[in-house]
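Residue numbers (UniProt numbering): 1 to 940. Glycine residues also receive a C-beta, built at the ideal position from the N, C-alpha and C atoms. The structure presented is a predicted model; accordingly, all values stated were derived computationally and were not measured.
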Amino acid sequence: EGPPGNAQSPIVKWVSLSLCLQLSIIKSESRLKHLLHRLPSYCPEHMVRRLVTLSFVLNFSGVSKKSDGWVGLGCCELAISVDCRRHCKSVRSPVVTVCAFISQKPLYSCIAKNEMGSLCCGYVGRHTNCREYCQAIFRTDSSPSLSQITTLKEYCESISPQLISCVGNYTKLYPVKSPIDSLYCCDRAEDPSCQAACRRILHTLITEQEIIEALIADCDRQPLPQDPMWQCFLGSAHSPPPSDPDTSPTAKMDCAKLHCCSKANTSLCRSLCQESSTNWGGQTWQEFDQLCEYTPLETELVSCLADVREPCQLGCKDLTYCTNFNHRPTELFRSCNTQADQGAMNDIRLWEKGTIKMPLMNIPVLDISRCLPEVWKAVACVLQIKPCSSKSRSSIICKSDCVDILTQCGDHSKFHEGQTPESICDLLSPIEDPELCIPLERYLTPGSFGHLVEEMIHPCNPNPCPSNHLCEVNRKGCQTGHDCLPNICVPGCKLGEASDVLVHMEALVQVPVRSGPVGCYEVCVCGPSGRLESCAEMPCIDTSKTCIVGGQRKNHGASFKVDCNLCFCFAGDPVCSMRQCLSPFSSEEDRQSFTGLPCGCPDQFVPVCAHNGRTYPSGCVARCVGMQDNQFSFGTCRSRDPCDPNPCQKGQRCAPKRQVCLSSTTQYPCRQYECLFRTLTCDTTRAEPVCDTTHTEHPNLCVLQQRGRNLSYTGHCQEACRKRRPVCGHDGETYGTVCEAHSHRVALDYHGHCYAVGGVSEFTPESGCSSVVCPPLSARGCKPVTPPGACCPLCAGMLRILWNKVQMDVFAKLNREQPVTVHDVLEILRLYVSVPQCDVFGYLSIDSEMVVLVVPVDQQPTALQIELCNKEAEKIDSLISYGSPTLVSLVPLSAFGSSEVKVSALSKAARPPAGPSLLLGTLAVLAGCVAQLKPAACDL
């Protein structure tokens with residue numbers, strides 16, 4: 001029993017007693033570890049401390065030792081206190097002696113989970129899908145679902161019985177469900193307020209104790225057997241939720257993988273892909289592995305599926321076997337985790353027996369512990385950790401390395417007749433281009449960034465969130481007095497019940513129709529139930545139509561250039577940018593009249609405001625992009641008051657809401673205001689601070705509007721923006737302060753009012769920009785980029801994206817006729833930038849492209865920060881170019897057709913050194929902006 005005053009409900013006391021009795025009789029080390037891991041969910045702290053002291057410290061102090069089996073270092077970022085985090089990283093004694101078990105539950109959960117995951121998934125070898133199903137069990141802190149366990153058993157039992165046994169020990173002590181799987185039980189509560197409370201609790205709480213205690217408190221009912229809600233909730237603890245295929249549009253589907261099936265080049269692989277993506281996979285994926293996974297014709301399909309299973313992520317650290325892969329924050333990896341690290345070690349142990357077992361063949365080798373052992377280790381680590389690049393989504397070693405290693409270490413006496421190193425490598429590693437394959441030399445030496453990696457954090461890698469939550473970089477900061485973590489976990493929905501890919505709550509998602517032809521989609525919403533719902537069919541796209549350009553046939557979705565213009569083919573129609581081109585054969589007269597603006601318009605700045613909310617530098621440019629004379633008027637958009645005259649009804653208040661729309665303005669008006677009821681009900685506890693035009697801060701936008709104030713910018717009020725100091729943004733608009741510009745996700749072009757326009761062509765003619773005084777570059781040695789239509793260069797990664805207006809209109813219609821805005825797109829793209837040191841800005845260019853800038857948040861960024869932002873821009877470009885379902889399934893990003901990227905190259909002298917000297921002069925800024933998470937200060 002607990003101390004006096006520590007009252008517990010009868011059900012919690014029963015669970016605590018049950019677990020403690022199990023603790024006294026369990027002999028299995030793995031089960032005992034995970035029982036200890038779950039104790040904080042049930043037992044009072046004084047009991048946990050005694051049990052931890054007796055069992056965890058005495059029996060399992062090896063969890064805290066740096067050995068081949070140590071997998072806890074990747075968890076140290078989850079430690080809340082600085083002392084605990086530091087001790088975890090340099091551990092020499094049990095972590096529990098410094099870190100309180102209760103307050104550091106996420107840390108201990110991660111350590112226990114990773115330990116078992118490393119052990120179990122290490123039995124898999126190179127069976128890609130089997131390892132994926134195994135990793136899904138251990139990927140987060142939440143309990144594995146019944147479907148995950150069943151799929152793993154069906155697919156992997158014949159491959160590795162040891163794996164099934166190992167996972168069985170792990171799952172026996174867990175309820176095989178996540179909290180949201182019981183949402184349907186909430187409908188059985190008689191009281192509507194209890195139903196609402198039940199849904200909220202299951203979405204926000206994780207442990208059984210928290211959920212049960214909250215349900216008792218909020219519903220004011222004890223868990224009686226005759227109560228329908230409690231009967232459902234407690235009786236279904238180990239049962240899957242009911243699934244009605246007539247009401248669940250994505251039942252038994254993996255919509256993310258289904259997106260990839262259209263990329264198949266053979267009807268057989270397309271059929272196998274569709275079958276396995278709509279019926280849980282199982283044996284069909286095994287057949288797909290055998291017939292399609294290693295077929296050169298299906299490289300695009302296989303790469304797409306790899307993007308779904310294991311998206312490329314920046315950064316690699318905390319590996320204990322593949323240590324040469326650590327300290328590489330600017331490189332992309334698919335599987336930098338402890339399970340892959342353990343798998344590489346297990347592969348080497350198997351290969352040392354003399355045979356490398358591959359899906360296509362077995363390769364006899366000499367004693368690899370003596371013949372090029374470090375090279376073989378690099379091979380094993382590459383195949384498990386899977387480096388990838390923005391130009392290639394495959395993870396295969398280069399052919400020359402393959403031939404060289406098999407020439408020296410292959411057991412030629414056991415090769416089959418006619419088999420040579422060259423013939424083997426033609427099948428396994430047919431590529432030699434170093435940009436499309438992985439040179440082993442890169443990983444024969446340690447990463448060069450050393451301790452700098454600690455300053456360039458990747459807070460969502462590894463993912464610290466539950467399986468039904470997405471991890472986001474925390475760019476909003478924290479309230480004073482609260483622990484401030486660099487990431488936040490937000491609830492989401494799976495892309496189909498069989499998928500591990502999550503999307504945000506209320507997000508619109510484009511998914512292929514289950515049984516329809518290629519090109520048929522429906523748009524669903526991520527609903528409060530945690531599942532995709534309210535699906536509506538879109539008009540089918542005829543992907544068989546091709547574009548004829550310059551006498552050449554271009555397939556649907558293909559990107560190409562016409563002169564200097566970027567284009568892509570959409571259902572037989574070419575979609576191109578509107579850049580003015582100047583060929584090398586142009587006459588002198590043409591060169592002299594060349595302005596670099598659409599339609600050869602003069603470079604005079606006589607701004608007009610168009611109906612899409614965009615300010616164009618002149619009426620000529622507005623007409624060139626398709627605006628009629630009655631669709632624009634003279635003056636900038638921000639100089640107009642959209643509430644004068646008042647467009648709202650009596651009893652409503654008009655508030656400016658400036659936006660630039662991508663949907664057709666004729667069908668869906670791009671209103672620059674919103675009508676608010678005078679009596680707003682606001683949630684004052686929701687902390688998303690905003691600053692009004694009088695420099696007064698409010699808890700959130702709703703409260704500001706309730707008080708009748710006008711928004712100046714989002715975020716805390718900044719002292720530097722107290723006084724109006726006009727700046728010109730890249731969108732040609734003048735903002736009162738740099739804070740206002742950043743609030744609209746627009747980066748600074750130059751100080752003062754806008755009065756000039758830059759060219760959008762690759763050529764840079766003399767223009768009005770010659771009189772503009774540009775801000776100094778943020779870093780020395782940076783070869784900057786100049787955004788189209790802007791005057792001043794900057795150090796950043798830049799994307800120019802083409803999109804389809806027809807699809808944007810369809811999305812607007814399906815979204816309650818709300819037009820898609822530039823701000824909508826930028827807010828979604830921000831989620832793809834995985835480091836807090838970079839942020840996303842952008843605008844609609846005057847040649848109708850979406851320009852996206854990935855910019856360092858530091859006022860004087862280091863070379864490493866600039867390099868990181870370049871890599872983030874390249875990563876997004878590759879997701880668009882390869883049509884990755886992790887991006888194109890989201891509305892409105894699914895309308896993106898093509899993109900090109902340009903980065904701020906760094907001179908050799910400016911590139912990041914290998915030592916800590918790069919930190920001088922930047923630690924204070926990083927500590928203030930990143931560690932303390934004050935992004936608004938970083939922007940300034």
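- Cβ-Cβ separation between Val840 and Arg830: approximately 5 Å, consistent with a contact (criterion under 8 Å).
- Boundaries cannot be given for Cys437, as no alpha helix (DSSP H) includes it and DSSP labels it neither H nor E.
- When DSSP states are grouped into helix, strand and coil, Lys902 belongs to the strand group.
- Taking a contact to require three or more Cβ pairs closer than 8 Å, the segment 380 to 399 and the segment 428 to 444 qualify as touching.
- For Phe841, the uninterrupted beta strand (DSSP E) segment begins and ends at Cys838 to Leu844.
- The beta carbons of Pro446 and Thr320 sit no closer together than 8 Å.
- Spanning the alpha carbons of Arg531 and Asp289 requires a straight line of approximately 29 Å.
- Annotation for Thr636: Pro607, Cys609, Thr615, Gly732, Glu733, Thr734 and Cys754 place their beta carbon closer than 8 Å to its own, counting only its chain and skipping 5 residues before and after.
- Where Val820 is concerned, there is no enclosing alpha helix (DSSP H), because DSSP gives it neither an H nor an E.
- One alpha carbon belongs to Asp341, the other to Lys357, and they sit about 19 Å apart.
- The alpha carbon of Glu422 has as its nearest neighbour, out of Cys402, Cys409 and Pro439, the alpha carbon of Cys402.
- The C-beta distance from Tyr443 to Cys381 rounds to 7 Å, short enough to meet the 8 Å contact threshold.
- Non-local C-beta neighbours of Tyr521 in its own chain, meaning closer than 7 Å and more than five positions away in sequence, comprise Gln510, Val511, Pro512, Val513 and Met538, ordered along the chain.
- Taking 8 Å as the cut-off, the beta carbon of Gly343 is found closer than this to the beta carbon of Gly122.
- In the three-state reduction of the DSSP assignment, Thr786 falls in the coil class.
- For the set Lys813, Cys782 and Leu372, the Cα lying nearest the Cα of Pro669 is the one of Lys813.
- Ile876 is positioned such that its CB atom lies closer than 8 Å to that of Leu799.
- Your pair Cys838 and Glu872 checks out as a contact, with CB atoms roughly 5 Å apart and the cut at 8 Å.
- Distance from the CA of Arg270 to the CA of Ala895, rounded to the nearest whole angstrom, comes to 23 Å.
- If you look at Glu472, you'll find it isn't in any alpha helix (DSSP H); it sits in the beta strand (DSSP E) that goes His469 to Val473.
- Straight-line measurement puts the Cα of Val575 at about 12 Å from the Cα of Lys554.
- Taking Ala796 as the centre and dropping the five residues before and after it, the same chain places the C-beta of Val785, Leu853, Val854, Val855, Cys869 and Ser904 closer than 7 Å to its C-beta, in chain order.
- For Cys624, the CB contacts under 7 Å within the same chain, skipping 5 residues up- and downstream, are Met578, Pro598, Cys599 and Cys601 in chain order.
- A check of alpha carbon separations from Asp847 across Glu827, Ser618 and Phe333 identifies Ser618 as the nearest.
- In the DSSP assignment, Val690 forms a beta bridge with His698 and Thr714.
- Nearest C-alpha to Arg678 among Leu802, Cys526, Gln652 and Ala687: Gln652.
- Taking 8 Å as the cut-off, the beta carbon of Pro726 is found no closer than this to the beta carbon of Gly768.
- Setting aside the 5 residues that flank it on each side, His504 is surrounded in the same chain by Leu470, Val490, Gly492 and Cys526, each with a C-beta closer than 7 Å to its C-beta; the list follows chain order.
- Closest option to Gly789, judged by alpha-carbon separation, among Cys460, Val124 and Phe605: Phe605.
- Rounded to whole angstroms, the gap between the alpha carbons of Gln384 and Lys317 is 15 Å.
- Shown here, Tyr155 sits in a helix according to DSSP, grouped into three states.
- Asp367 counts as exposed, since fewer than 16 other beta carbons sit within 10 angstroms of its beta carbon.
- One thing to note: Ala507 has its Cβ within 8 Å of the Cβ of Leu890.
- Take the alpha-carbon of Asn346 and the one of Gln195: they are about 50 Å apart.
- With a threshold of 16 other beta carbon atoms within 10 Å, His698 meets it and is buried.
- By the criterion of at least three beta-carbon pairs nearer than 8 Å, the segment 638 to 651 is not in contact with the segment 682 to 702.
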